[in-house]
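K.L.:
In the working numbering, the protein residues as written are 3 to 178. For glycine and all other residues, C-beta sits at the position ideal for the given N, C-alpha and C.
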Ligand code: THU
């Protein structure tokens, strides 16, 4: 697996037009998933049951696999004051980092279900969660593999979060 950095290449600023490529895999046959990936997807699905989402009725579950093999799950937690709520990814990642600050996050599985209609396509993380996951990638210097799936249907596998957020905001500019 290679890690692609979608950050502006300052040396190439002479070029007026540039193209970004996005690498990802769509898996329709579960035999193409490892036992570890299948288990993580299952755990993310089970975590949707703990979602508190009376307003959107959109239940999201996230399962995070740490380098030491521990799996942490989380689900979206809404609030009547909408911005106070938290996405499933943020609940899981922040809890994982609070419990195991030294452990790298290897992979995250995200699943979703809606009360009134089936979600049969992969659900991708929101922009704020992409920024959060990039912070972790940056800190651990290892990509986080994403496994995305709805209630059923194909699984999308993405080799790192930077693929999902080109030109992300990097804390490097704050620290230099
Ligand atoms: N949500 C997540 O948990 N993760 C995402 O990446 C997208 C959105 C939640 C937030 C809110 O509770 C509900 O889904 C509808 O936006």
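(1) On a CA-only basis, which of 18, 45, 25 and 84 is nearest residue 112? Give me that one, please.
(2) Leaving out the 5 sequence neighbours to the left and right, which residues in its chain are closer than 8 Å to residue 43 when beta-carbon positions are compared?
(3) Residue 95 and residue 68 look like a contact to me (Cβ under 8 Å); what is the Cβ gap, rounded to whole Å?
(4) In whole angstroms, give me the CA-to-CA distance for residue 174 and residue 147.
(5) Give me the Cα-Cα distance between residue 2 and residue 165, rounded to the nearest whole angstrom.
(6) State the start and end residues of the unbroken alpha helix (DSSP H) segment that holds residue 60.
(7) Going by DSSP, name the residue or residues bridged to residue 164.
(8) If you pair each beta-carbon of the stretch 50-63 with each one of the stretch 89-106, do three or more pairs fall below 8 Å?
(9) Quick one, are the C-beta atoms of residue 100 and residue 107 less than 9 Å apart?
(10) With a CB to CB cut of under 6 Å and the five nearest residues on each side skipped, what residues in its chain are close to residue 153?
(11) Under a three-way DSSP split, which group does residue 175 fall into?
(12) Quick check: is any heavy atom of the ligand THU less than 8 Å from the C-beta of residue 55?
(13) On the DSSP letters alone, give me the boundaries of the beta strand (DSSP E) that residue 77 sits inside.
(14) Express the C-alpha separation of residue 155 and residue 73 in angstroms, rounding to a whole number.
(15) Kindly indicate which three-state DSSP category residue 53 falls into: helix, strand or coil?
(16) With DSSP as the reference, label residue 32 as helix, strand or coil.
(17) So who's on the other strand from residue 159, going by DSSP bridges?
P.N.:
Reading from the atomic positions:
(1) When each option's Cα is compared against that of residue 112, the closest is 45.
(2) For residue 43, the CB contacts under 8 Å within the same chain, skipping 5 residues up- and downstream, are 35, 65, 111, 113, 149, 151 and 157 in chain order.
(3) That belief does not hold up - the Cβ atoms of residue 95 and residue 68 are roughly 11 Å apart, past 8 Å.
(4) Answer to the nearest angstrom: the Cα atoms are 22 Å apart.
(5) Past the boundaries of the shown model lies residue 2; the chain is included only from 3 to 178, so the question cannot be answered.
(6) Element bounds for residue 60: not the alpha helix (DSSP H) but the beta strand (DSSP E), 60-68.
(7) Paired residues: none, contrary to the question.
(8) As far as the Cβ criterion goes, the stretch 50-63 touches the stretch 89-106, which means the pair count is three or higher.
(9) Inclusion of residue 100 and residue 107 in the CB contact set at 9 Å is not warranted, their separation being larger than that value.
(10) Cβ neighbours of residue 153 beyond the five flanking positions: 115, 120 and 121.
(11) The answer is helix: DSSP assigns residue 175 an H, G or I state.
(12) Residue 55: yes, Cβ under 8 Å from the ligand THU.
(13) In the DSSP assignment, residue 77 falls within the beta strand (DSSP E) that extends over 73-77.
(14) Roughly 23 Å separates the two Cα atoms.
(15) Look at residue 53 here: in three-state DSSP terms it is coil, with no helix or strand label.
(16) Note: residue 32 maps to helix in three-state DSSP.
(17) As computed with DSSP, residue 159 is found in a beta bridge with 27 and 149.
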